[in-house]
Structures are given as structure tokens and as C-alpha cells.
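> Chains as they are written, first to last, in the numbering used here: chain A, 1 to 344; chain B, 345 to 815.
In this text, a Cβ means the ideal position worked out from N, Cα and C, and glycines have one as well.
Being a predicted model, the structure only gives us computed values, none of them experimental.
Structure in C-alpha cells, see below.
Following this line, the structure appears as C-alpha cells:
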């Protein structure tokens, strides 16, 4: 029973990484797109790509929290007590990112656009870093069980957490760049296709290098996780590496659609690898999933909610993504003369 | 030196955690009515526009959806902050009760997902979807808004009426009945009270903006419809809210007597209890000031037994289980504010209804418009006051009779820092939000003078995307 809840939780984490992650990554590319003039076109593609979908994608984070605190309340309490600081920063970053993005779309003056854009883009890097650092803290066994606070600083400022944070930023940037190649193609902007393709290649290589360097970090700093990744989690790690290389080849060959799927696969399987590596611990080496689990009645309730969610949300998400991919959701309201003329 | 710095940082987190939670909830709850009811009003305008072929209504619906995009985004992220705060501020509460308290949120998650998906389709779908198909994509937004609000309030109601679980001798939950958690006995009336509040507050808030515009001389058809739709919605729901609120108060009388004693300012158990308007409780247990209406509190508690109805006093509970004197006074004052303003808003609906009956039109006087323009702020104050009654009235408990607030809070001593940070961040976002919404409105007015592009469902030859991406 607790296993089923853990699987549901992990599906949420995977979905957030692959969908929500790409929206954060888009913010990374927005951040380094350059000045107002030169960066206007890539920012246009980014805004168009994540505008209609980011809020729905963001809900995965709430889903993950809810499943965690309902099905594994003790683990949730331990995590929030220990890594209080990075979670607080992440919460602040989420507010800045969402409101910054929403405000930037609506204002027209270049200086306002720049300020809101900076809030959106900088926090898009900060939030995945913090969440990655939290994952590092959990995976390296730095969260003590039993609802007591661990080290408030060392728990998230340590080699594995830094690796987790950097990996998260690099992965979402890689994911987003590959998606944006596809989005640029969708709006028939060949120059932007090339722009993001070059960046995607670089990001893919950087992600590979960081992941490779990570092996040594984990070997040294988190032996339990390292052991898990090289045994139980090894298949996922191998698939991730193959997907990564595959997406790089497809990017070089201008096959944006396939590259997109393989990039999602590469990120998804590495996240899955983390889950497999620490199985069957909720908090490695101190609290197992079974020990952390809520009574079966609770888990049944959550599974019913999940089933209902699958039935209702599956078709709804398909509808949203299909409409979005077919460019049926081109902009808010109708053509807005003033903002349209200043944006170009 | 290091010691001094440590002492400065190490502050008792409990009052700060309460302050931060109260502040972030108070901010989020203002956006809730807009998230729950605005889509409904936009759909009314949309429907009118399509049925009567009325361009002003369509333009209105379309602009409202753009405003909604902004308020929904800010509401979504301020709601996310709350999901972090449950753990960051109340980890011991979540650790012990998460398996029960969390369940309603699993369902709320579904509705929030649906709302986010369909609001995106509705907002972004104006240009290229067929008009009626587009209209229908807005309906799930309305339904999921209502059901989502009901789910969240179910969790809050559970804190007032914890049920649906069994505990062992050590106070640990051993089994959970999800149905019993969600449909706890406080849930139906509390959820209904909040959902109706969302329609009242959302209606008055939006209508007050157009009332302001009419006062400034913009008495065109567009402003008239922009006022009539939300104001009518609010006016229909405010008398209903009086009935729901009355039923809920009587429920509190029967099930949370300490809260009711604070509401009615009743220090000692008695019959023939007066309804004291304003006034306050002193440390020695006496009540001073205020205008007592003899017997009314007893009579309202149970009209069947009238003045003879016995109301339990605050002193029935041991002192440590009572709200403090200050808390009692806050609850009582908030109650007076909520009921007073709520009654005023309901009376306004009588004026409005009479005007329609007699003149077949809304009241046109400047006085009516001035009052209407103030209803937005008044309705928000009413709602905030009601929420203070619920939350402060439950003190000292976070889970009624089972867990005290101080035992629920985090031990992290830096909460005062995060509170100040949240305060600064939210004030900044709130001010910006208002400025951005005003900017949008001013831009639309500018367009009306010369622009002709604002035609929904119009020709599709030049979608703005191509212009903004391709130079």
C-alpha cells in the first residue's frame, strides 16, 4: 500500500521535473537572452511557449506536496524542519517568478518589462537550484527522521546538495532549450530554431559533464546513494545516458521532435534513478517508506483522488497541449494593439 | 559578539509563525473570490454577447479574462506559498495530522489542476476557437473553482471539527476514514459560507470598479454592463449569505461553545443573554461599553426556546483552554464588523431590487453609485472579519481540543526573518498588481479612442504572435 503511494508521489515528481522543469529552464534562457533589443525575439518564443501551460504545469509541485504530507507526514515534517532555508527561498522565488511573468506580459514600457523579466528569469534559476539542493539533502541522508530538525545549513550546503542544485538548473535549461527548438519551429522562426538548437547542444554537453562529475561527488559524499545508483538505479542511469546522447545526435540532425522526447526521457530517467537508488527509504537510512506511511485509509483516499485525477486530468491535459501545439492558443484575449506594436 | 548575534536571531517562532500564516492567508483570501467567481461573471457577459450579439459584452468578457490571467497567476503562487508554509511553519501539526488533514487537499489538487488548464484555454482561446466552443471551455473553470474552494474549506473545517480517524493512547492516528475527514460536520455550512462569500465579494469588488467609472462620467453601455453583471450577482448572493451565516452561527453555538461565547462576549454561562454591539471584555471577566440588545443573543441561538436559551460562558473551560482576553475581544469585534457590514450589503440589495421593481432600472443617483463604489472594499473587510472569527475563535487550538497552536509550530528561530521577508515581498507584489491592473484599464480606454483591433472572434489573418516574433 505504501509502495503505491510512493509510486504516485514519484509520478508527481517526474511530471514536475519534465513539465514544470522546462518552464523554469525557459526562464534560464530568458535570463541570458541579452539586452532588451537583442533578446526580444528569443523572449518572444519563450513567452509564447510557456504562457498558456506554466500554471497547469506548476500545479504538479502542489500535487507533490499534498501527496507527501498526506501519505508520508512524518517525512514531510522532517524535511520542512531541516531544510527550512532553501524551501523558504524557493517559495519566495515561486512568487517572484509567477507574478513577474504575469506582469511582464501585461506591461508595455521597456523598463517595466525588463524589471519584471529579471524577477521572472532570476527566480527561474533560483527555484530549481533550491529544490535540487533539497533533493540532495534528502538523497544524501542529511534529513533526520522523527520530525526533528537536522543541521539547518550543512544539510543543504554540502557537495551532494550543491550537485543537486546545479544538476537541477542544468537539466531544466537543457530540457527547455530542446523544447524551445520545437516551439520556435512551430512558429516558423528559422533563425530562432537555430538559436535554441545551438544552445541545446551546449546544454546537453554541459548536462553530461555535470552528471559525469557528479559520479565522483557522490562516491565521495553520499556512498549510500552512489551504491544505489550503481546497483538498483543503474538501468535508469544507463537509459538516461543513452537518451541524452540520442537527443544530442537528433539535435545535430535537426530532428527537433524526437530530440524533445529523448530529452524528456533523459531527465525523467535520471530523476527515476534517484528514486530507485534510495528505495525503499523515504529518508535514506533512517526512515523507510513503509515506516513513514500514513494509515491505509488515507492512502486509499489519495489513490482514489489520483484515479479521479487521471480520469479527469488526462483528457484535459491532452486538450490543453494539443490546442497549444496546434497554435489554437496564440495569445491572451484578442490582439492587443498597444502591446503588440511595442513588443515588435 | 557571536552570542549577541545568535540571541538576536533566536526569537520564539510561535508568534511569528502565527503572524506569517495569518498575513499570507489574509492576502491570499482576497484573490480567492476573484478566482472562484470572476469566471462565472465573465461567462455571463460572454453568453450575453453571443446570444444578443452585443459587442460590448464580448469585449467585457474578453478583457475580464485578461485581468483574470493576472490575478489567477498571483493567486496560484500565493496559494503555493501556503503549501510550503504548512511544513515550514507548522511541521509538528503536519507530522501528526497530515494523514487526515491532508486528504481534502488531494481533491483540491484535482480541481486546481482543472482550473489552471481550462482557464488557460479560455484566456488564450479567444482568437482561434469557435465562439460557442470557446464559451464552454470556461464552464469547467467555474465548477472547479467552486469544488476547489469546498475542498480547501473542508480541511479548515476539519480543524474546527476533527473527525474521520481513530487514535491510540499516545495520540497517534491509527486509522483514517477519508470520507469522514472531508465531510466532517463543520464542512457543509463552512464551505457553503465561503463559496457564497466568493460570489458576494467577487461581485462587489468588480462592480465597484465600474461604479467608480460611472461616477467619473463614463456612463456608456460598456460600463453599465460591466457594473450590472457583477453587482447583480453580488446582490443575489448577499441575502443568501445572511441565511447561511445564521445557520452556521447556530452550528457554532451547538458545537464550538467557547468560540460562540467569544463571539457573543459571554463570560459566564447564562440565559437571557444580550446581543452586545461593540463593547469589550475586561481581564476581570466583566463586559463594559457597547450597546446590549436584551435577550437577543439567546433568542438568535435558538428561536424555539427564545430568551430562555442558555449560552455557555467562557469560564466553563479551564483558563488555559480559553482564548485570551485580547483574542476574545478580537473575535467579538470581528463578528460585529462582519455581521454589520454583511447586513448593510444585504440591505443594499433591497434598495436595488426595489429600484428594478419600480423603475425597471438600477438606481441612478450619485449616492447609490458612491455606495456601490465602496462595496468592493467593504465586502473584502467583511470576509476578512469572518475569517478572523473562525481562526482566532478556535484559539488556543489548532486542532480543536486535540492540539494547541504552540505545540504545532516549527522550532526554527529565524521565522521572524522570513515573516519580514514575506511582508515586504507581498506588499511589493500587491502594489504592483494594482498598478498593472490600472495600467491595463487605462490602455483599454486609450484603445477605445482610436483602436479598432479589439474585435474578438474577428478575422484571423493577423494573429499577434507573428508580429511579435517575426520582425
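Would you mind giving the Cβ-Cβ distance between residue 92 (chain A) and residue 60 (chain A), rounded to the nearest angstrom? I have them listed as a contact below 8 Å.
About 20 Å separates the two Cβ atoms, so there is no contact after all.
> In chain order, what residues of the same chain lie with their CB nearer than 8 Å to the CB of residue 521 (chain B), ignoring the 5 residues before and after it?
508, 509
> Report the residue from B:787, B:773, B:790, B:782 whose alpha carbon sits nearest the alpha carbon of residue 115 (chain A).
Of the candidates B:787, B:773, B:790, B:782, the one whose C-alpha sits nearest the C-alpha of residue 115 (chain A) is B:773.
> Could you tell me which chain B residues have their CB closer than 8 Å to the CB of residue 157 (chain A), listed as they occur along the chain?
Within 8 Å Cβ-Cβ: nothing; residue 157 (chain A) doesn't reach chain B, min ~15 Å.
> Expressed to the nearest angstrom, what Euclidean distance is found between the alpha-carbon atoms of residue 794 (chain B) and residue 786 (chain B)?
Summary for residue 794 (chain B): the model assigns pLDDT 45, below 50, so the residue's position carries little reliability; its value from the coordinates is reported in the next sentence. Each residue's Cα considered, the two are about 13 Å apart.
> Short of 7 Å Cβ to Cβ, which residues in the region 505–531 of chain B face chain A?
For the region 505–531 of chain B, the beta-carbon criterion of a distance under 7 Å to any beta-carbon of chain A is satisfied by 517, 518, 519, 520, 521, 522.
> If I'm right that residue 45 (chain A) touches residue 187 (chain A) with Cβ under 8 Å, what's the distance once you round it to whole angstroms?
Rounded to the nearest angstrom, the Cβ distance from residue 45 (chain A) to residue 187 (chain A) is 7 Å, consistent with a contact under 8 Å.
> Using the beta-carbon count (16 or more within 10 Å), is residue 260 (chain A) buried or exposed?
Buried, since its Cβ has 16 or more Cβ neighbours within 10 Å.
> For residue 638 (chain B), tell me which candidate among B:732, B:624, B:615 has the shortest Cα-Cα distance.
B:615
> For a contact defined as C-beta to C-beta under 7 Å, what are the partners of residue 443 (chain B) on chain A?
70, 73, 294, 295, 298
> Since residue 428 (chain B) meets chain A, which of its residues come closer than 9 Å, beta carbon to beta carbon?
65, 80, 87, 88, 90, 91, 94
> Starting from residue 372 (chain A), follow the beta strand (DSSP E) in both directions and report where the run begins and ends.
Outside the modelled stretch of chain A, which goes from 1 to 344, sits residue 372 (chain A), for which no answer is possible.
> So residue 46 (chain A) contacts chain B; which residues on that side make the cut at Cβ distance below 9 Å?
Here the premise fails: no neighbours, minimum Cβ distance about 11 Å.
> List the residues of chain A whose Cβ lies closer than 8 Å to the Cβ of residue 546 (chain B), in chain order.
Here the premise fails: no neighbours, minimum Cβ distance about 19 Å.
> Compare the C-alpha of residue 313 (chain A) against each of B:484, B:625, B:623 and name the closest.
B:484
> Can you say whether residue 417 (chain B) is buried or exposed, counting buried as having 16 or more other CB atoms within 10 angstroms of its CB?
buried
> So is residue 471 (chain B) buried or exposed if we call it buried at 16+ other beta carbons inside 10 Å?
buried
> Closer than 8 Å, Cβ to Cβ, to anything on chain A: give me those residues from the region 385–408 of chain B, in chain order.
Near chain A, meaning a CB-to-CB distance below 8 Å, the residues of the region 385–408 of chain B are 406, 407.
> Going by Cα to Cα distance, which pick from B:741, B:386, B:765, B:731 is closest to residue 486 (chain B)?
Residue B:386 is the option with its Cα nearest to residue 486 (chain B).
> Could you confirm whether any beta carbon from chain B is found closer than 8 Å to the beta carbon of residue 50 (chain A)?
Not closer than 8 Å to any Cβ of chain B, the Cβ of residue 50 (chain A) fails to qualify, so no.
> Tell me, please, whether the CB atom of residue 763 (chain B) is closer than 8 Å to any CB atom in chain C?
Looking at the structure shown, chain C is missing, and the protein chains on hand are A and B.
> If I measure Cβ to Cβ from residue 818 (chain B) and keep anything under 6 Å in the same chain, skipping five residues before and after, which residues do I get?
Residue 818 (chain B) cannot be examined here, being either before or after the span of chain B that is shown, 345 to 815.
> Closest Cβ-Cβ distance between residue 37 (chain A) and chain B: below 8 Å?
no
> State the DSSP-derived secondary structure class of residue 621 (chain B), mapped to helix, strand or coil.
strand
> Between residue 655 (chain B) and chain A, is there a C-beta pair that is closer than 8 Å?
no
> Measuring from the CB of residue 295 (chain A), is there a heavy atom of the ligand MN at a distance below 7 Å?
Among the components modelled here there is no ligand, and therefore nothing to report on the ligand MN.
> Which class does residue 354 (chain B) belong to by DSSP, given the choice of helix, strand or coil?
coil
> Round the Cβ separation of residue 499 (chain B) and residue 548 (chain B) to the nearest angstrom and send it over; I've been treating them as touching at under 8 Å.
That belief does not hold up - the Cβ atoms of residue 499 (chain B) and residue 548 (chain B) are roughly 26 Å apart, past 8 Å.
> For residue 471 (chain B) and chain A, any beta-carbon pair shorter than 8 Å?
Output row for residue 471 (chain B): interface = yes.
> Does residue 636 (chain B) come out as helix, strand or coil in the three-state DSSP assignment?
strand
> Determine whether the beta carbon atoms of residue 394 (chain B) and residue 462 (chain B) lie at a separation below 8 Å.
no
> Identify, in the order they occur along the chain, each residue of the same chain with its Cβ nearer than 8 Å to the Cβ of residue 626 (chain B), setting aside the five sequence neighbours on each side.
Excluding sequence neighbours, residue 626 (chain B) sits near 632, 669.
> What does residue 160 (chain A) reach in chain B if we use C-beta pairs closer than 8 Å?
Chain-order list of chain B residues neighbouring residue 160 (chain A): empty, with the shortest C-beta distance near 21 Å, by a criterion of under 8 Å.
> Examine the Cβ distances between the region 197–211 of chain A and the region 240–251 of chain A and report whether three or more of them are shorter than 8 Å.
yes
> What does a CB cutoff of less than 8 Å around residue 675 (chain B) pick up in its chain, not counting 5 residues either side in sequence?
603, 606, 607, 667, 732, 733, 736, 737
> Against chain A, does residue 365 (chain B) count as a neighbour if the rule is that its beta carbon must be under 8 Å from one of theirs?
The C-beta of residue 365 (chain B) comes no closer than 8 Å to any C-beta of chain A.
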